[in-house]
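Written out below as structure tokens is the structure these notes cover.
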Amino acid sequence: MTQPEQPRSAFEVLGPGLVTGAADDDPSGIGTYSQVGAQFGYGMAWTMFFGFPLLASIQAICARIGATTGKGIARNLRQHYPLAVLRVVVVLLLIANVINLGADLGAMGAALALLLPGPVLGYTAAFGVVSVLLEVFVSYNRYASILKWATLSLFAYVGVVFVADVPVGEALRALVMPSFTFDREHAMALVAVFGTTISPYLFFWQAGQEVEEQHRRHIKPLHVSPRSKAVAELKRIRTDTLVGMGISHLVALFIIVATAATLHANGVRDITSAAQAAEALRPIAGDLAFALFAIGIIGTGLLAVPILAGSAAYAVSETFGWAEGLDRKPREAKAFYGVIAFATAGGVALNFIGIDPMKALYWAAVVNGLLAPPLMVVTMLIAQNRKVMGKLVISRALAFGGWLSTAVMWIVAGVFLLS
């Protein structure tokens, strides 16, 4: 007979949601938030307040799909929807993730070169190798713990705000009193923020990690679990997701505020990378702010790179029915780990063939922006399908939040195309 689970500490309750939220603030996201702060000052800070419930809703839905069915997003798509839909989604996801990996690894290499002068490309390749080795050869229990502790690197950006001279009243007004000018610059910034914040790879990762957690804890999918167990797990998912997405948006807000108080206030309006944002801070806010910003880029990159590669591996493996999961040994899931290595190597290669990192990010945003809305529609249909979810279909309140998020992303995609 299965032994009842021991009560879990507050830190143990936090897992897939916390890590997924932290990964949302990857180096490419840091570059986007830095540009928004430098270009518009505090004027776009309200997007973080508005975006939080949107991201929290769709991520909670993805987590519930994984936990309820015991299967990831791609496997559910494969079983219940046309195969052609799945193939298009996975190809676009793989392309976007490889481009994003290239941009993130390049930013990490550049950030380390700022702190420790050396070859940027060499550092970039080294980060890629380290990431793959950790995912392949470290046990899932230990690796999940490493990822959770790595989220602490996000608080480097909280430190930057305390080092900088921030007019608190002005920043708070911008947060609670939205302002928006209907011109091309503001439209593109809005698209960039939401395109960076609500990204398809996060959907696949959090659903896949909920399945991994069930394997690790030796519990059944929720649709076949006792009602009391299912209710407790859904409560954990809600708490985990709200905390994770809350930290993600809070840190993004701190990045906008930090760059607004330093770069924008001193006439610096154009930032093309996270590393440039760090370098630009040094003469304005001092060496400590510069170092915190650069360290944060490396820390969040070490967190986000394996998640980008891992989400691609989950999607591809579930599409072809391969054995998948970070809880498996390399010999048990060769193809799964092969996709991780391939995607990471592709990201490293982009830096060696001289592709402009900002153009790479632009095209990653294009693919993510076009992929997210239809994928969100399908995700919502899965979450409300009783044949898939049984009695655990999402509530009306969560469905409202999910469909609102979906509608916003369709609008964002339309604005992007029109701009």
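Residue numbers (numbering that gives the first Met the number 0): 0 to 418. We treat Cβ as the ideally placed atom computed from N, Cα and C, and that holds for glycine. As the structure is a computational prediction, the values presented were derived from the model and not from experiment.
*Give the DSSP-derived three-state secondary structure of Q2 in the structure shown.*
Start at 1 with the first residue of the sequence shown, and residue 2 comes out as number 3. Confidence is the limiting factor: at Q2 the pLDDT is only 48, short of 50, which leaves the residue's position unreliable, though a coordinate-based value still follows. Reduced to three states, the DSSP call for Q2 is coil.
**OP:** Classify R327 as helix, strand or coil using the three-state DSSP reduction.
**Re:** Here residue 327 refers to the residue found at position 328 when the sequence shown is read from its first residue. In this structure, R327 counts as coil in the three-state DSSP scheme.
- Query: So is H248 buried or exposed if we call it buried at 16+ other beta carbons inside 10 Å?
  - Reply: The sequence position of residue 248 within the sequence shown is 249, counting from 1. Counting Cβ neighbours within 10 Å, H248 comes out buried, since at least 16 surround it.
Is L291 near G158, with beta carbons less than 8 Å apart?
-> As a working note, residue 291 is residue 292 in the sequence shown. As a working note, residue 158 is residue 159 in the sequence shown. Yes, these two residues count as a Cβ contact at 8 Å.
When burial is assigned at 16 or more other CB atoms within 10 Å of the CB, is P329 buried or exposed?
By 1-based counting over the sequence shown, the position of residue 329 is 330. Its Cβ having fewer than 16 others within 10 Å, P329 is exposed.
(message) I want to see whether chain B comes within less than 8 Å of A274, judged by CB atoms only; does it?
(response) No chain B appears in the structure shown, which is made up of a single protein chain.
Taking the beta carbon of W204 as the centre, do at least 16 other beta carbons fall within 10 Å, making it buried, or is it exposed? Here residue 204 is taken as the residue at index 205 of the sequence shown, counted from 1. Looking at its Cβ environment, which holds 16 or more other Cβ atoms inside 10 Å, W204 is buried.
Quiz item: Between T19, V365, L391, L262, which lies nearest to V160 when the distance is taken from Cα to Cα?
Solution: As a first step, residue 160 must be located in the sequence shown, where it is residue number 161. The residue with the shortest Cα to Cα distance from V160 is L262.
For this session: Output the boundary residues of the alpha helix (DSSP H) element that contains R226.
Result: Residue mapping note: residue 226 aligns to position 227 of the sequence shown, counting from 1. Residues 226 to 261.
*Beta carbon of R237, beta carbon of A59: below 8 Å?*
As a position in the sequence shown, residue 237 is number 238, starting the count at 1. As a position in the sequence shown, residue 59 is number 60, starting the count at 1. Yes, the pair counts as a contact, with Cβ atoms nearer than the cut-off.
- Cβ distance (whole Å) where A274 is taken to contact A124 below 8 Å: As a working note, residue 274 is residue 275 in the sequence shown. As a working note, residue 124 is residue 125 in the sequence shown. Actually they are not in contact, since the Cβ atoms of A274 and A124 sit about 16 Å apart, beyond 8 Å.
Review point. Alpha carbon to alpha carbon, how far is P6 from P15?
Key: In the sequence shown, the residue the question calls residue 6 occupies position 7. In the sequence shown, the residue the question calls residue 15 occupies position 16. Here the model assigns P6 a pLDDT of 49, short of 50, so the residue's position is not dependable and the matter cannot be decided.
Could you check if A83 is buried or exposed, using at least 16 other CB atoms within 10 Å of its CB as the buried criterion?
By 1-based counting over the sequence shown, the position of residue 83 is 84. Exposed is the call here.
inquiry  = My assumption, with CB atoms under 8 Å, is that E211 sits in contact with I339. Please give the rounded CB distance.
reply    = As a working note, residue 211 is residue 212 in the sequence shown. As a working note, residue 339 is residue 340 in the sequence shown. Wrong, their Cβ atoms sit about 14 Å apart, outside the cutoff.
> Looking at the unbroken alpha helix (DSSP H) that takes in K420, where does it start and where does it end?
Replying inline: Shown here, the chain extends from 0 to 418; a query on residue 420 therefore has no answer.
| Backbone CA spacing between F181 and D164 [nearest angstrom] | Walking along the sequence shown from the start, residue 181 turns up at place 182. Walking along the sequence shown from the start, residue 164 turns up at place 165. One alpha carbon belongs to F181, the other to D164, and they sit about 30 Å apart.
Backbone CA spacing between G40 and F154 [nearest angstrom]
One-based indexing of the sequence shown puts residue 40 at position 41. One-based indexing of the sequence shown puts residue 154 at position 155. G40 and F154: Cα-Cα distance of roughly 21 Å.
Exercise. Can you tell which of A22, D326, A332 has the C-alpha that lies nearest to the C-alpha of A149?
Worked result: Looking up residue 149 in the sequence shown gives position 150. Checking every option, the nearest Cα to that of A149 belongs to A22.
Practice problem: Starting from G42, trace the alpha helix (DSSP H) both ways and give me its first and last residue. | Solution: Position 43 of the sequence shown, counted from the first residue, corresponds to residue 42. According to the DSSP assignment, G42 belongs to no alpha helix (DSSP H), since it is labelled neither H nor E.
Alpha carbon of G298 to alpha carbon of G324, nearest angstrom | Residue numbering aside, residue 298 sits at position 299 when the sequence shown is read from its first letter. Residue numbering aside, residue 324 sits at position 325 when the sequence shown is read from its first letter. If you take the alpha carbons of G298 and G324, they lie about 24 Å apart.
Helix, strand or coil, according to DSSP, for P282 in the structure here?
Residue 282 sits at position 283 when you count from the first residue of the sequence shown. Note: P282 maps to helix in three-state DSSP.
Measuring only the C-alpha atoms, how far is T196 from V250?
By 1-based counting over the sequence shown, the position of residue 196 is 197. By 1-based counting over the sequence shown, the position of residue 250 is 251. Computed Cα separation, rounded: 12 Å.
query: Is T1 buried or exposed, if buried means 16 or more other CB atoms sit within 10 Å of its CB?
result: Start at 1 with the first residue of the sequence shown, and residue 1 comes out as number 2. For T1, the pLDDT reaches just 46, beneath the cut-off of 50, and the residue's location in the model is therefore unreliable, although a value from the coordinates is still provided. So T1 ends up on the exposed side.
Whose C-alpha, out of A37, N99, E184, is nearest the C-alpha of D355? Against the sequence shown, residue 355 aligns to sequence position 356. Nearest of A37, N99, E184 to D355, Cα basis: N99.
Quiz prompt | Sequence-distant residues of its chain with Cβ nearer than 7 Å to G400 (five each side left out) | solution = Residue 400 sits at position 401 when you count from the first residue of the sequence shown. So the list reads P52, S56, once near-sequence residues are dropped.
Problem - Chain-order list of residues whose beta-carbon lies under 7 Å from that of D24 (same chain, five-residue window excluded) - result: Counted from its first residue, the sequence shown places residue 24 at position 25. Only L153, S247, V250, A251, T299 meet the Cβ criterion.
**Item:** Cβ neighbours of V162 in the same chain (closer than 8 Å, five flanking residues each side left out)
**Value:** Working through the sequence shown from its first residue, we reach residue 162 at position 163. If we look at V162 and ignore the five residues flanking it on each side, its Cβ neighbours are A284, G285, L287, A288, L291.
Self-check item: Distance, G168 Cα to T343 Cα
Solution: On the sequence shown, position 344 is the one that residue 343 refers to. On the sequence shown, position 169 is the one that residue 168 refers to. So the alpha carbons of these two residues sit roughly 43 Å apart.
* When burial is assigned at 16 or more other CB atoms within 10 Å of the CB, is S394 buried or exposed? -> As a first step, residue 394 is located in the sequence shown; it is residue number 395 there, counting from the start. With fewer than 16 other Cβ atoms within 10 Å, it is exposed.
For this session: Along the alpha helix (DSSP H) that carries R172, what are the first and last residues, could you check?
Result: Your numbering for residue 172 matches position 173 in the sequence shown. Boundaries of the alpha helix (DSSP H) harbouring R172: 167 to 175, taken from the DSSP string.
**Prompt:** Are at least three pairs of beta-carbons, each pair with one atom in the segment 381 to 397 and one in the segment 75 to 82, less than 8 Å apart?
**Reply:** Contact between the segment 381 to 397 and the segment 75 to 82 is present, because at least three Cβ pairs lie under 8 Å.
At the level of alpha carbons, what is the spacing between I306 and T19? By 1-based counting over the sequence shown, the position of residue 306 is 307. By 1-based counting over the sequence shown, the position of residue 19 is 20. Each residue's alpha carbon lies about 8 Å from the other.
Query raised in the report: Below 8 Å between beta carbons: does that hold for H222 and T67?
Result: Translated into positions along the sequence shown, residue 222 becomes position 223. Translated into positions along the sequence shown, residue 67 becomes position 68. Contact flag set, yes.
Between S144, R281, P116, A112, which has its C-alpha nearest D326's C-alpha? For the purposes of this step, residue 326 is taken as the residue at position 327 of the sequence shown. Out of S144, R281, P116, A112, S144 has the C-alpha closest to the C-alpha of D326.
Does the Cβ-Cβ distance between L92 and T318 come in under 8 Å? The residue you call residue 92 lines up with position 93 of the sequence shown. The residue you call residue 318 lines up with position 319 of the sequence shown. No, they are not a contact pair.
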